[in-house]
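Data block below; observations after.
Protein chains: 2
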Amino acid sequence: MRLYNHPTAEEFVLERIFHALSDPVRLEIVRSLSCVTEATCGELDGGRPKSSMSHHFRILREAGLVHTRVAGTVHQNTLRRAELDARFPGLLNAILAQTGR
Amino acid sequence: MRLYNHPTAEEFVLERIFHALSDPVRLEIVRSLSCVTEATCGELDGGRPKSSMSHHFRILREAGLVHTRVAGTVHQNTLRRAELDARFPGLLNAILAQTGR
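Heads up: the sequence lines are chains A and B, in that order.
For the first sequence, my numbering begins at 1 and goes up steadily by one.
For the second sequence, my numbering begins at 102 and goes up steadily by one.
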């Protein structure tokens with residue numbers, strides 16, 4: 001069983017959050033996770049190749065946006081909303097409020 | 102005299118805004134410009150090499166964050182705040198409200 005490292009809220013870096021959100025696939029994952037309690041990688045991949053999705057999830061985890069929990073054979077992902085809100089007040093809500101491109 | 106191209110507000114792309122803000126130098130330029138009406142590149146470069154700053158200003162312009170006006174021999178930069186607020190309500194304020202790293 002593979003375990004993932006996640007930064008603590010104190011280790012979050014604003015620029016790293018923005019880098020994670022600078023890609024449409026990753027922004028879409030964050031949007032999707034904001035609507036559910038948790039979701040597997042498979043539920044979030046939109047049919048994209050697994051190798052490319054692993055890269056995107058790694059960037060999201062390293063930025064502190066997403067927590068990945070290994071549950072048997074599936075990986076359950078959650079948005080670290082409470083910690084992000086505490087560290088960067090109002091930021092995630094302002095981002096998720098944007099609908100247009 | 103060199104003129105710069107700037108995207109219209111309709112051409113702004115959220116992911117491009119985030120890319121522009123994913124670098125500490127560019128984030129600092131945006132913060133600095135939020136406090137003044139306009140500023141020259143020299144006032145904003147923090148002693149960094151001109152070639153590297155040209156790159157940063159280009160990324161900021163292409164994202165729609167910064168407008169550069171050529172005034173004689175100097176380049177005056179402004180934050181496109183009104184257009185950004187109209188296109189992405191609340192986003193810039195939420196970003197500028199973050200102080201910690």
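We put the beta carbon where it would ideally sit given N, CA and C, even for glycine.
Which residues DSSP lists as bridging residue i, in chain order
i	result
A140(B)	N178(B)
T68(A)	N77(A)
Inter-residue spacing [alpha-carbon to alpha-carbon] between residue i and residue j
i	j	result
R202(B)	L128(B)	Per-residue confidence for R202(B) stands at a pLDDT of 46, beneath the threshold of 50, marking its modelled position as unreliable; the derived number appears in the next sentence. Distance between the alpha carbons of R202(B) and L128(B) is about 11 Å.
R61(A)	L193(B)	24 Å
A20(A)	I59(A)	6 Å
L134(B)	L180(B)	6 Å
H107(B)	Y4(A)	42 Å
F88(A)	Q98(A)	17 Å
C41(A)	R31(A)	14 Å
A10(A)	G173(B)	Note on residue identity: the sequence assigns Glu, not Ala, to residue 10(A). One C-alpha to the other measures close to 46 Å.
Any chain B beta carbon closer than 9 Å to residue i
i	result
L33(A)	no
A86(A)	no
G90(A)	yes
H75(A)	no
I95(A)	yes
Chain A contact for residue i (CB, 9 Å cutoff)
i	result
E184(B)	no
M107(B)	The sequence as given places His at residue 107(B); Met does not occur at that position. It does not: the Cβ of H107(B) has no partner Cβ on chain A nearer than 9 Å.
L166(B)	no
R181(B)	no
* To do: With 8 Å as the C-beta to C-beta threshold (strictly closer), list the residues of the stretch 137 to 164 of chain B near chain A in chain order.
  => Within the stretch 137 to 164 of chain B, no residue qualifies.
* Interface residues of the stretch 108 to 132 of chain B facing chain A [CB-CB below 7 Å] -> Cβ contacts with chain A come from V114, L115, E116, F119, H120, L122, S123, D124, P125 and L128.
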